[in-house]
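There are 2 protein chains.
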Amino acid sequence: MNESGIHYVIGVDAGGTRTRARLAEAATGRVLGEGAGGPGNALTVPPDALVRHLGEALRGALPPGGCPVAAVVGGFAGGGPGGGRERARAALTEALALAGVRGGRVEVLGDADVAFAGGAGAPADGLVLIAGTGAAAARVADRRAVRAADGDGWLLGDAGSGFWLGREALRAVLRALDGRGPSTALAGPVGELCGGLTKEHVVRYAYGVEPVRLAALSPLVVAAARSGDVVSARLLDAAADELAATVRALTPRPGEPLVTTGALLAPGGPLLPRLTARVADLGLVPDPVRDGLAGAVALARRAGGGRTGAEA
Amino acid sequence: MNESGIHYVIGVDAGGTRTRARLAEAATGRVLGEGAGGPGNALTVPPDALVRHLGEALRGALPPGGCPVAAVVGGFAGGGPGGGRERARAALTEALALAGVRGGRVEVLGDADVAFAGGAGAPADGLVLIAGTGAAAARVADRRAVRAADGDGWLLGDAGSGFWLGREALRAVLRALDGRGPSTALAGPVGELCGGLTKEHVVRYAYGVEPVRLAALSPLVVAAARSGDVVSARLLDAAADELAATVRALTPRPGEPLVTTGALLAPGGPLLPRLTARVADLGLVPDPVRDGLAGAVALARRAGGGRTGAEA
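From first to last, the protein sequence lines are chains G and R.
Take the first sequence: its letters are residues 1040 to 1351, numbered as in this note's numbering.
Take the second sequence: its letters are residues 1040 to 1351, numbered as in this note's numbering.
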């Protein structure tokens, strides 16, 4: 509870696949409401759609007609400084007004900042690694990402991401089909997905969808590897190698926090054991979090409480 | 000269970057006219543009008002059977009519077929490897490609192509910038091209152009390698490795022809020495040709002469 009587904060986690919002009690962090909407990448989702997806998530989290809040923190994929941060801020401000949110400081951060803030013990300094549709790592100092590695998008980077795995799955099948590579159990599910098991089917499928949608194929690789497919197991190894190399680029200090998230590295994520094995020699132990929502709320509570404290 | 008095044939080479047409004397192959137009990939260039680009090339090659011809052979990137061949045929037929070409059998082939036909001694059987904007190889039997390797496009394949080299150049610079890779002399020219040497500049540049346009960066890699840049030399090695693997997938027979073309493997092409070294153990010696135009004309002369001979 604070002087102005505003008890609530909002955390938003806007990722490449969906946007989530959470309303929480400022004093305790107790969750009061939650909502979800469409993709929220600040660089790739058009402004109108971004406002709409944020609105969907906010309306699910808030009471009808909105409410006053002490602080809002939004973490956006593609929302790094100099990246889509200004676009994200404009969209979030508009969506908050439309949802009836009144007052409160609005802070826009990258997805790495909010994911890190959700780590065990609410760490202020360390490393964060995200591997979902895309892949990126950051060094965090005093609760802000100060240095990034990868996050270069599907065309140039995101090495070890869901997109990367999905694309490599198709490549492996194409290489098996024309004799450049070994046969793989991926051929079955990929052929089913593409409506036929010829190069033409695979190529037509892949170029007919938005590239990042190939991330949807990554579970096929995980399943095939579990069933003993050597090619798929090697792809998972290669993905984990890439992610470990991305962490290594940030010159880790032994024992510092390494918060991980994204579908591949969230709790129970399929690449978590492989990553754990590959960063052990760096003195790091992954601390997986479900998404950036808890961290966004934690940062909003700090922002809201801090302001109130200064005013009190 | 033939019975019907039609002395001319047309060869068309429609590639990812431009389309070329040549009018030649059927009996001797003497070149009577040549023209060039925009990109001619049958799969990726929209039908209207394809007709327009073919028309540009044909008008440059033909006398005003057109002329009667004995045969036309067009080789199209993306024009393989089951691929864009029907689209290519429709576009070529329309462009020929608009250009005033009368009569003559029209044959549409893939770029591999016409490139191969331009090899020394007009071979009928062997291998062809194209590395320009894209990369693809084929086994040719009785003057027709009967089996393909790679040619899977920029998203899934074209390993060792101009696009591939251009994308890897940007990746190498991004990796150097965030510490994942060694520094490279590519940073200078890439920074200039992208309007600044930060990850943001490079990423914004790359996602702002059509992906295949990144092929335009491959000369930067060649130049940097010549100046002693180790990273660039390794990229050229890796490209040649990929191209050799693509050839190897077609189970080469020692001593059979290996016709090569595309900007990287045409006469004097920058990857030619590296490829030559890598296929020597297969008993292959590259036979580089400038493009598919000579081969298209050679096949048109066969088609025209053959028909006339049968009718005589």
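Glycine is no exception: its CB is placed at the ideal position from the N, C-alpha and C atoms.
Of the residues the options, the one placed nearest residue i, counting alpha carbons only
{"i": "A1100 of chain G", "options": "G:G1139, G:G1220, G:G1079 and G:R1128", "result": "G:G1139"}
{"i": "A1316 of chain R", "options": "R:P1306, R:A1279, R:L1148 and R:I1169", "result": "R:A1279"}
{"i": "V1260 of chain R", "options": "R:A1170, R:V1108, R:L1204 and R:L1137", "result": "R:L1204"}
{"i": "A1335 of chain G", "options": "G:D1217, G:P1250 and G:R1061", "result": "G:R1061"}
{"i": "L1209 of chain R", "options": "R:V1328, R:R1243 and R:A1136", "result": "R:R1243"}
{"i": "D1164 of chain G", "options": "G:A1342, G:L1289 and G:V1318", "result": "G:L1289"}
{"i": "G1307 of chain G", "options": "G:D1330, G:L1323 and G:G1322", "result": "G:D1330"}
{"i": "L1213 of chain R", "options": "R:G1072, R:R1287, R:E1239 and R:V1251", "result": "R:E1239"}
{"i": "A1263 of chain R", "options": "R:P1250, R:L1225 and R:A1116", "result": "R:L1225"}
{"i": "G1301 of chain R", "options": "R:I1045, R:Y1047 and R:A1053", "result": "R:A1053"}
{"i": "A1187 of chain R", "options": "G:P1309, G:L1216, G:L1137 and G:R1128", "result": "G:L1216"}
{"i": "D1273 of chain G", "options": "G:L1323, G:E1073, G:G1220 and G:V1328", "result": "It is Arg, not Asp, that sits at residue 1273 of chain G in the sequence shown. Nearest of G:L1323, G:E1073, G:G1220 and G:V1328 to R1273 of chain G, Cα basis: G:G1220."}
{"i": "R1287 of chain R", "options": "R:L1275, R:V1270 and R:V1318", "result": "R:V1318"}
{"i": "R1141 of chain R", "options": "R:H1046, R:D1268 and R:A1245", "result": "R:H1046"}
{"i": "A1177 of chain R", "options": "G:W1193, G:A1081, G:G1218 and G:L1166", "result": "G:G1218"}
{"i": "G1055 of chain G", "options": "G:R1069, G:S1271 and G:G1076", "result": "G:G1076"}
{"i": "L1131 of chain G", "options": "G:A1245, G:W1193, G:V1090 and G:A1159", "result": "G:V1090"}
Residue i - DSSP class collapsed to helix/strand/coil
{"i": "E1295 of chain R", "result": "coil"}
{"i": "E1133 of chain G", "result": "helix"}
{"i": "E1042 of chain R", "result": "Model confidence at E1042 of chain R stands at a pLDDT of 42, short of 50, so the residue's coordinates are unreliable and nothing is read from them."}
{"i": "P1250 of chain R", "result": "helix"}
{"i": "T1285 of chain R", "result": "helix"}
{"i": "D1326 of chain G", "result": "strand"}
{"i": "G1076 of chain G", "result": "strand"}
{"i": "A1066 of chain R", "result": "coil"}
{"i": "V1229 of chain R", "result": "helix"}
{"i": "D1197 of chain G", "result": "coil"}
{"i": "T1056 of chain G", "result": "coil"}
{"i": "T1300 of chain G", "result": "strand"}
{"i": "P1103 of chain G", "result": "coil"}
{"i": "L1071 of chain R", "result": "strand"}
{"i": "V1212 of chain R", "result": "helix"}
{"i": "D1181 of chain G", "result": "coil"}
{"i": "R1186 of chain G", "result": "strand"}
{"i": "G1114 of chain G", "result": "strand"}
{"i": "R1219 of chain G", "result": "coil"}
{"i": "V1051 of chain G", "result": "strand"}
{"i": "A1278 of chain R", "result": "helix"}
{"i": "L1338 of chain R", "result": "helix"}
Straight-line gap, residue i to residue j (C-alpha atoms, nearest Å)
{"i": "A1063 of chain G", "j": "A1284 of chain G", "result": "37 Å"}
{"i": "P1296 of chain G", "j": "L1168 of chain G", "result": "11 Å"}
{"i": "P1291 of chain G", "j": "P1085 of chain R", "result": "50 Å"}
{"i": "G1121 of chain R", "j": "L1097 of chain G", "result": "48 Å"}
{"i": "D1087 of chain G", "j": "G1114 of chain G", "result": "18 Å"}
{"i": "A1333 of chain G", "j": "P1162 of chain G", "result": "13 Å"}
{"i": "G1227 of chain R", "j": "D1191 of chain G", "result": "19 Å"}
{"i": "V1185 of chain G", "j": "H1092 of chain G", "result": "28 Å"}
{"i": "C1233 of chain R", "j": "V1241 of chain R", "result": "6 Å"}
{"i": "G1171 of chain R", "j": "R1057 of chain G", "result": "39 Å"}
{"i": "A1175 of chain G", "j": "D1152 of chain G", "result": "12 Å"}
{"i": "A1050 of chain R", "j": "G1119 of chain R", "result": "With the sequence shown as reference, residue 1050 of chain R is identified as Gly, and Ala is not the correct amino acid for it. Their Cα atoms are separated by approximately 17 Å."}
{"i": "T1299 of chain G", "j": "R1183 of chain G", "result": "16 Å"}
{"i": "P1312 of chain R", "j": "A1305 of chain R", "result": "11 Å"}
{"i": "S1257 of chain R", "j": "P1078 of chain R", "result": "18 Å"}
{"i": "A1134 of chain R", "j": "R1340 of chain R", "result": "20 Å"}
{"i": "P1102 of chain G", "j": "A1254 of chain G", "result": "34 Å"}
{"i": "S1200 of chain R", "j": "A1065 of chain R", "result": "34 Å"}
{"i": "G1123 of chain G", "j": "T1067 of chain G", "result": "31 Å"}
{"i": "F1155 of chain R", "j": "V1179 of chain R", "result": "8 Å"}
{"i": "A1342 of chain R", "j": "D1181 of chain R", "result": "14 Å"}
{"i": "F1202 of chain R", "j": "P1250 of chain G", "result": "17 Å"}
{"i": "G1235 of chain R", "j": "R1265 of chain G", "result": "45 Å"}
{"i": "V1112 of chain G", "j": "G1230 of chain R", "result": "34 Å"}
{"i": "D1189 of chain R", "j": "L1282 of chain R", "result": "9 Å"}
{"i": "E1095 of chain G", "j": "R1128 of chain R", "result": "48 Å"}
{"i": "E1207 of chain G", "j": "G1247 of chain G", "result": "17 Å"}
Open item on the list: Tell me which residues of the stretch 1247-1278 of chain R have at least one Cβ-Cβ distance to chain G shorter than 9 Å, keeping chain order.
Closed with: Of all residues in the stretch 1247-1278 of chain R, P1250 and L1253 have a Cβ within less than 9 Å of some Cβ in chain G.
Open item on the list: For the stretch 1204-1217 of chain R, list every residue whose C-beta sits within 9 Å of some C-beta in chain G, in sequence order.
Closed with: So the close ones are R1206, L1209, R1210, L1213, R1214 and D1217.
- [ ] Taking a Cβ distance cut-off of 7 Å, strictly less, list which residues of the stretch 1160-1186 of chain R are near chain G, in chain order.
- [x] Within the stretch 1160-1186 of chain R, no residue qualifies.
Open item on the list: Which runs of the alpha helix (DSSP H) at least 4 residues long sit entirely within the stretch 1146-1177 of chain R? Give them in chain order.
Closed with: As far as the stretch 1146-1177 of chain R is concerned, its whole alpha helix (DSSP H) runs of at least 4 residues are 1150-1156.
Task: Where the stretch 1308-1332 of chain G meets chain R: residues whose CB sits under 9 Å from a CB there - done: If you check each beta-carbon in the stretch 1308-1332 of chain G against every beta-carbon of chain R, none falls closer than 9 Å.
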